[in-house]
Every structure is written in structure tokens, then in C-alpha cells.
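Same order as they appear, the protein sequences are chains A and B. Using this note's numbering, you'd call the opening residue of the first sequence number 1 and step up by one each time. Using this note's numbering, you'd call the opening residue of the second sequence number 1001 and step up by one each time.
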Amino acid sequence: MLTVPLEIVTPERIVLSMDVRMVILRGGDGEIGILPRHMPLATAVKPCLVRIRLADDRQDVVPVSGGFVEVLPEKITILADTAELPEEIDVDRALRAKDRAEKQLQAAADEEEAERARQALTRAELRLQAVEEHKRLNGFLHASAPSA
Amino acid sequence: MAQNSMRDIRRRIKSVRNTAQITKAMEMVAAAKLRRVQDAVQQSKPYLSKMQEMLANLSLSARHVKHPLLAVRPVRRIGYLVITADRGLAGPYNAQVVRAAMQEFGKRDKGSYAIYSVGKRGRNFFQRRGLPIAAEVVDLPDTPTYDSVRHLAENIIAAYEREEFDELYFIYNEFINAAVQRPVVHKVLPLASLGENAQGPRRNYLFEPDEESVLAALLPRYAETLVYQAVLDAKASEHAARMNAMGNATDNALELIEKLTLSLNRARQAAITTQIAEIVGGAEALK
């Protein structure tokens, strides 16, 4: 089975690095699925759950709060603003962040504040969704062994 | 009299020993923090180099694209990002940066520059002198997270795009190694040479939706990453500087203890000699 190395990098660290069979993410022009030997492509990544499928058909998700992806035939690199593995996510904290963002959105004085709150809200919701999806898929990504 | 001076010396030795213990502890704490930041610096490198690679590739096929971060404008105002520490006891760390900054400011008319300040030390200094601080960040964590500088970085880039200033300089202590940190002043914006530092092969990508919008999204993020990198680097320098300063302080304290011990022994010897002389004198007198 054909695979391609995938790396998810944030300004702080390499979140994940492994061989995958397929990656699905929200690009600048909508959802794209990337398979091995894809032609070179560069696009923005919108906040989304990046779906990863391994050669043995196991799946998992990584929440990404925006960034870029560089696709080469032999390598995929996601430059994410923030990203974490599902097991690293602190559900309580995400819930609190969601709460806070909702309040900020209501109290926002101008468009800039509102936009900031909306982004924070999206980030929190994605984290919560990621935890759900990770459970549902019985995901393979574990905090203790981030890279294979 | 001898008794008094001996007690004084003992008291001083004790107090210096306490100081040495404290500086020793601070040295070790700084060393641990330095290791952690150096780790973070290492971890943050792949992101930046990947971004440089992408920008290099982009600049090949998007040479015609105009972007405010690339545009060279006539220089009317300059922005300075000055990175200092929140606390002192770090040797020449803060003074060095502030001196370099003041030298730069001296070249310009007041009102023709704006300061973006990281760290309490720099902020307090500039505030006291009534220098124009456009934005500031204090109380950064010992290992700064991207989130902790993101707001400042976005602020700076946005101000540059609004043409509030026409060039951006970073002034901070560059981390050379654990023993050497050098204050540097370097120009960051406009981004002059895209991808000069990039390694790796050049490719022709497909851009979605097009070069311009990818570049427009990538450039500000790249500039923000540069801010983050500078802050990390400065933080590594800070911990290294503090480690060295505290190491020197410990050495000095130990040296002082040695000297004091010597004079204590001398005082004690003198007291004993005096006592013997008195006894001998007394015995002589009885004969």
C-alpha cells in the first residue's frame, strides 16, 4: 500500500510525523483529500479537523486552527498555527475556552473583537469535536507516542 | 576587642555563605530554564525553515506579486522591537540591549520612531524617559509560547501594513552560546530577500486558489514567526546571562568567604598569642 510521510508542524514544535495513506483537510478552496504522489500544491488551511488515514485503515483526527499545507509527491507538510493530538486536549479547558469565547462574542464592542472571539470559539469547538471523533474512530494517535 | 572582631567576621562569613547558596540556586534554576528554552528553539526551527522553503518557491513563481510586507518605502518612521527581561540580576543583559536601543534612537528625531517593547526592564526605562511606546508585552513565561507573543506580533505586522512605520528593526540579545550573548540590531521589514536562507529543492507548485492569496496569507504569518523566534532567542540569552551572572556571584562569594576565613584565623591566632603573652608575663611577674 502506497503511503506518504506527513508532518504537522507548529511554530512551537513538530506535533506529528508519520506515514499515511490519505489526508483530508479544508484548504483555501474547500475540502481536499490528498493521496500519495499528489502533484506539488500549496494552499492555506482553514480551521478544521485534519483527517488522517493509515495504510491499515485506522483513522484519527488532529484539530488545526488554520495554517498552510505544502504537498509534494513524496511528502506532505502542514504548517499549522496551532495543532494538538486528541489525547493532549484538556476537555475542561476547551469547555471553559468555549464559554469564555461565547461571552466575549456577546460583549464584543467592535468587529475586530468579535472576530477574535469567533476564532477562539472555533478553536475550542474544534478541540471538543476532535476528542469526540477520536473516541468514535477509536483513533490511533496517542499523546505518549506522537510520532511513528 | 579581638573577641568582637572575631564575632563580626563570623557573622559576615555566615551572611556571605547564605548569599552564595542563593546565587548558586539561582544559577541552577537559570541553567534548567535555559535548557528548556533551547529545546523550544530547536523544536521551533522546522516550522520556520519549512516556511522559508515555501516562500522561496513562491517567490519564484510570484515575482510580480505586490505585498506591503515586501514593498520598500521611503523611510519616514521606524518601528523598533526591543526585547528585554522582566527581571534584573542577569548581568549586563538588560543594559546591553537598552544601550544598543538608545544608540539607534539617537540617530532619529523624536516622533519618527515607535517602540514595541517586550519585558518590564526595557519598558520602565523607556517610560521614564518619555519615549514613545506603541505596544508592550510583559511577564512572558520562561519558555514563551507562540500564543504569548502572537498578539504583539499581529499588532506590529498590522501597524506596518497600515504604514505606521516603514521599516522594522529587532533589538535584542542574540544567543551565540551559553557564555556569549551579543546585542544585535537588525532590519526585519520590509522582507527584502525571500528565500535566500531556504534550503531544499525549488518546485513549481499549484497554488490554491492562486499565488497572490497564498502569499498574502503566508507573509504575515512568516513575519509573526520571526517575532516569535526573536523572543525565544532573547529568552535563551536571558537565562544564559542570568546563569553566568549568578555563577560569577557565587564564585565571588566563595572567594570572599576564603578571605574572611583567613582573617578570622589571623584574628584568632592574634588573640591566642595575646593570651599566651599575658600568661607568660604573669608567670614572670610571680618569680
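Cβ atoms here follow ideal geometry from the backbone N, Cα and C, with glycine treated the same way. In this text, all values refer to a predicted model and were calculated from it rather than measured experimentally.
Using the three-state DSSP reduction, which class does residue i fall into: helix, strand or coil?
{"i": "residue 37/A", "result": "coil"}
{"i": "residue 1112/B", "result": "coil"}
{"i": "residue 1107/B", "result": "coil"}
{"i": "residue 55/A", "result": "coil"}
{"i": "residue 1179/B", "result": "coil"}
{"i": "residue 123/A", "result": "helix"}
{"i": "residue 1117/B", "result": "strand"}
{"i": "residue 1126/B", "result": "helix"}
{"i": "residue 1231/B", "result": "helix"}
{"i": "residue 1268/B", "result": "helix"}
Am I right that residue i and residue j are in contact with their C-beta atoms under 8 Å? What's the rounded C-beta distance?
{"i": "residue 11/A", "j": "residue 1116/B", "result": "Contact flag wrong, Cβ pair sits at about 19 Å."}
{"i": "residue 72/A", "j": "residue 40/A", "result": "5 Å"}
{"i": "residue 1082/B", "j": "residue 1171/B", "result": "5 Å"}
{"i": "residue 1084/B", "j": "residue 1249/B", "result": "Not confirmed; about 20 Å, so no contact."}
{"i": "residue 1016/B", "j": "residue 1260/B", "result": "7 Å"}
{"i": "residue 1088/B", "j": "residue 1156/B", "result": "Going by Cβ atoms, the distance from residue 1088/B to residue 1156/B rounds to 26 Å, so no, they are not a contact pair."}
{"i": "residue 1178/B", "j": "residue 1240/B", "result": "5 Å"}
{"i": "residue 29/A", "j": "residue 1074/B", "result": "Not confirmed; about 38 Å, so no contact."}
{"i": "residue 1253/B", "j": "residue 1020/B", "result": "4 Å"}
{"i": "residue 9/A", "j": "residue 79/A", "result": "6 Å"}
{"i": "residue 1090/B", "j": "residue 1245/B", "result": "6 Å"}
What separation, rounded to the nearest whole angstrom, lies between the Cα atoms of residue i and residue j?
{"i": "residue 1211/B", "j": "residue 1058/B", "result": "7 Å"}
{"i": "residue 1149/B", "j": "residue 1227/B", "result": "8 Å"}
{"i": "residue 32/A", "j": "residue 24/A", "result": "6 Å"}
{"i": "residue 1288/B", "j": "residue 1169/B", "result": "In the structure as shown, chain B begins at 1001 and stops at 1287. Residue 1288/B is therefore absent and cannot be evaluated."}
{"i": "residue 118/A", "j": "residue 1216/B", "result": "22 Å"}
{"i": "residue 7/A", "j": "residue 60/A", "result": "14 Å"}
{"i": "residue 1005/B", "j": "residue 1269/B", "result": "13 Å"}
{"i": "residue 1286/B", "j": "residue 1273/B", "result": "20 Å"}
{"i": "residue 1111/B", "j": "residue 1134/B", "result": "11 Å"}
{"i": "residue 1/A", "j": "residue 1213/B", "result": "35 Å"}
{"i": "residue 1221/B", "j": "residue 1013/B", "result": "55 Å"}
{"i": "residue 1136/B", "j": "residue 1125/B", "result": "13 Å"}
{"i": "residue 1265/B", "j": "residue 1011/B", "result": "14 Å"}
Are residue i and residue j closer than 8 Å when you measure CB to CB?
{"i": "residue 101/A", "j": "residue 121/A", "result": "yes"}
{"i": "residue 55/A", "j": "residue 3/A", "result": "yes"}
{"i": "residue 83/A", "j": "residue 63/A", "result": "yes"}
{"i": "residue 86/A", "j": "residue 130/A", "result": "yes"}
{"i": "residue 1232/B", "j": "residue 1032/B", "result": "no"}
{"i": "residue 1105/B", "j": "residue 1113/B", "result": "yes"}
{"i": "residue 975/B", "j": "residue 1052/B", "result": "Residue 975/B lies beyond the residue range present for chain B, which begins at 1001 and ends at 1287; the question has no answer from this structure."}
{"i": "residue 34/A", "j": "residue 76/A", "result": "yes"}
{"i": "residue 1224/B", "j": "residue 1153/B", "result": "yes"}
{"i": "residue 65/A", "j": "residue 136/A", "result": "no"}
{"i": "residue 1302/B", "j": "residue 1100/B", "result": "Nothing about residue 1302/B can be read from this structure; chain B reaches only from 1001 to 1287."}
{"i": "residue 1323/B", "j": "residue 68/A", "result": "There is no way to answer for residue 1323/B, as the model of chain B reaches only from 1001 to 1287."}
{"i": "residue 1166/B", "j": "residue 1108/B", "result": "no"}
Count the other CB atoms within 10 Å of the CB of residue i; is the residue buried (16 or more) or exposed (fewer)?
{"i": "residue 1069/B", "result": "buried"}
{"i": "residue 1050/B", "result": "buried"}
{"i": "residue 1144/B", "result": "buried"}
{"i": "residue 1072/B", "result": "exposed"}
{"i": "residue 1243/B", "result": "buried"}
{"i": "residue 1054/B", "result": "buried"}
{"i": "residue 148/A", "result": "Here the model assigns residue 148/A a pLDDT of 39, short of 50, so the residue's position is not dependable and the matter cannot be decided."}
{"i": "residue 1262/B", "result": "exposed"}
{"i": "residue 1276/B", "result": "exposed"}
{"i": "residue 987/B", "result": "Limits of chain B in this structure are 1001 at one end and 1287 at the other, which puts residue 987/B out of reach."}
{"i": "residue 1187/B", "result": "exposed"}
{"i": "residue 1183/B", "result": "buried"}
Give a single yes or no on whether residue i has its beta carbon closer than 7 Å to a heavy atom of the ligand GDP.
{"i": "residue 1058/B", "result": "No copy of the ligand GDP appears in this structure; indeed no ligand is present at all."}
Using a Cβ cut-off of 7 Å, which residues of the segment 1214-1239 of chain B contact any Cβ in chain D, in chain order?
Looking at the structure shown, chain D is missing, and the protein chains on hand are A and B.
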